[in-house]
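Single-structure report; data block below.
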Amino acid sequence: MIALTDVVHARSCQATLPLMFVVQFLYMKSIMANQAFDQIYHEHLLYYTLKTIDVLLQRHGLSLFDAYHSPIHGGSIIGYISHTGKRPPSAGLLDLKAKEELSKCNKLTAYQELGKKMKTLNKTNLAYLQQKKKEGKTIFGMGAPVKGNTLLNYFGIGENLLDCLVEKNPLRKGLYSPGMHLPIVLEEELESPPDVYYVLAWNFKEEILKNNRDLINKGVEFYFPINPK
Numbered sequence: 002m003i004a005l006t007d008v009v010h011a012r013s014c015q016a017t018l019p020l021m022f023v024v025q026f027l028y029m030k031s032i033m034a035n036q037a038f039d040q041i042y043h044e045h046l047l048y049y050t051l052k053t054i055d056v057l058l059q060r061h062g063l064s065l066f067d068a069y070h071s072p073i074h075g076g077s078i079i080g081y082i083s084h085t086g087k088r089p090p091s092a093g094l095l096d097l098k099a100k101e102e103l104s105k106c107n108k109l110t111a112y113q114e115l116g117k118k119m120k121t122l123n124k125t126n127l128a129y130l131q132q133k134k135k136e137g138k139t140i141f142g143m144g145a146p147v148k149g150n151t152l153l154n155y156f157g158i159g160e161n162l163l164d165c166l167v168e169k170n171p172l173r174k175g176l177y178s179p180g181m182h183l184p185i186v187l188e189e190e191l192e193s194p195p196d197v198y199y200v201l202a203w204n205f206k207e208e209i210l211k212n213n214r215d216l217i218n219k220g221v222e223f224y225f226p227i228n229p230k
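If you want our numbering, it's the 1-based position in the sequence shown plus 1.
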């Protein structure tokens with residue numbers, strides 16, 4: 002996997018050429034606002050704020066000149082980069098930086114607060130699932146995304162709370178989730194829906210609710226462990 006640091010270094014070496022390139026990165030401010038700790042896993046090596054990516058770029062004579070926020074992956078930044086001084090910063094970039102400064106997401110205290118919120122989120126999710134089990138409900142996990150494994154393992158959610166994980170991707174049929182060893186079954190092979198879907202692919206909340214309107218009308222519950230803002 003090529004890290005953003007390698008890309009930036011390579012592009013900065015082309016100093017004699019007109020330079021403008023675009024990057025997308027998970028935005029730590031959004032991760033913290035959404036309590037989306039499950040976005041942190043091995044596929045994502047680094048997590049940036051506008052301030053920290055500025056530090057990286059400045060080492061190589063580069064700067065952001067424009068950026069906007071995207072809802073992809075629960076919140077990411079699309080940034081436009083050029084050699085320092087070649088392009089003035091846009092109003093949109095300055096606005097994002099001002100909001101970031103107000104959020105204090107570059108302060109250690111913000112991360113300490115996130116840790117506390119994660120513990121509360123853990124208790125809330127376990128309490129919900131345990132209550133549904135006491136009521137005799139069947140609970141399936143919806144989706145088997147990579148980030149879902151971070152959540153399942155941190156919360157300690159295994160076969161005692163979920164019957165299985167339901168996937169559309171045929172390549173995952175017959176596999177098990179790492180750590181918690183939940184079996185993965187294909188949606189098309191289900192004999193009947195569960196009483197509750199515990200939605201691990203929470204970043205597609207709007208699409209999931211829209212596409213499953215019939216199940217919702219029949220009384221199937223959809224529980225989102227993380228609700229993006």
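The beta carbon of each residue, even a glycine, is placed where N, CA and C say it ideally should be. Computed from a prediction, not measured in an experiment: that's the story for all the values here.
Query                                                                                                                                                                       : Result
What are the boundary residues of the beta strand (DSSP E) that includes V23?                                                                                               : 22-27
Using 8 Å as the Cβ pair cut-off and three pairs as the minimum, do the stretch 157-165 and the stretch 174-193 touch?                                                      : yes
Quick one: what's P184 bridged to in DSSP?                                                                                                                                  : Y177
Count the CB pairs spanning the stretch 132-148 and the stretch 102-109 that are closer than 8 Å, and state whether there are at least three.                               : no
At which residue ranges does the stretch 186-225 contain complete beta strand (DSSP E) runs of 3 or more residues, listed in the order of the chain?                        : 197-200, 222-224
Just to confirm before moving on: does the CB-CB distance between L201 and M119 stay below 8 Å?                                                                             : no
So, for D39: in the same chain, excluding its five sequence neighbours on each side, which residues have a beta-carbon less than 6 Å away from its beta-carbon?             : K148, T151, L152
Per the DSSP calculation, C165 is bridged to which residue(s)?                                                                                                              : F141
List the whole-angstrom C-beta distance separating E188 from V167, where the pair is believed to meet the contact cut-off of C-beta under 8 Å.                              : 5 Å
Across which residues does DSSP place T61 in a beta bridge pair?                                                                                                            : The residue you asked about is not Thr; residue 61 is His in the sequence shown. Answer is none; H61 lacks a bridge partner.
What three-state label does DSSP hand S77 in the structure shown?                                                                                                           : strand
Distance check for V24 and G76, CA to CA, integer angstroms please.                                                                                                         : 14 Å
Name the one or two DSSP bridge partners that H70 has.                                                                                                                      : I78
Is the beta carbon of I82 closer than 8 Å to that of L63?                                                                                                                   : yes
To the nearest angstrom, report how far apart Y28 and Y129 are at their CA atoms.                                                                                           : 29 Å
Let me confirm a value: V186 is counted as buried when at least 16 other C-beta atoms fall within 10 Å, else exposed. Which label applies?                                  : buried
Near R88, which residues of its chain fall below 7 Å by C-beta distance, leaving aside the five closest residues on each side in sequence?                                  : F66
Nearest-angstrom Cα distance between N218 and H61?                                                                                                                          : 56 Å
How long is the line joining the alpha carbons of D215 and Y199, rounded to whole angstroms?                                                                                : 17 Å
Quick check on the DSSP output: the alpha helix (DSSP H) that includes K117 runs from which residue to which?                                                               : 109-135
What did DSSP end up calling S83 once you bin it into helix, strand or coil?                                                                                                : strand
Give me, in chain order, the residues of the same chain whose beta-carbon lies closer than 6 Å to that of I32; leave out the 5 immediate sequence neighbours on both sides. : Q40
Can you tell me whether Y49 is helix, strand or coil according to DSSP?                                                                                                     : strand
How many angstroms separate the CA atom of T85 from the CA atom of M21?                                                                                                     : 11 Å
DSSP on S31, reduced to helix/strand/coil?                                                                                                                                  : helix
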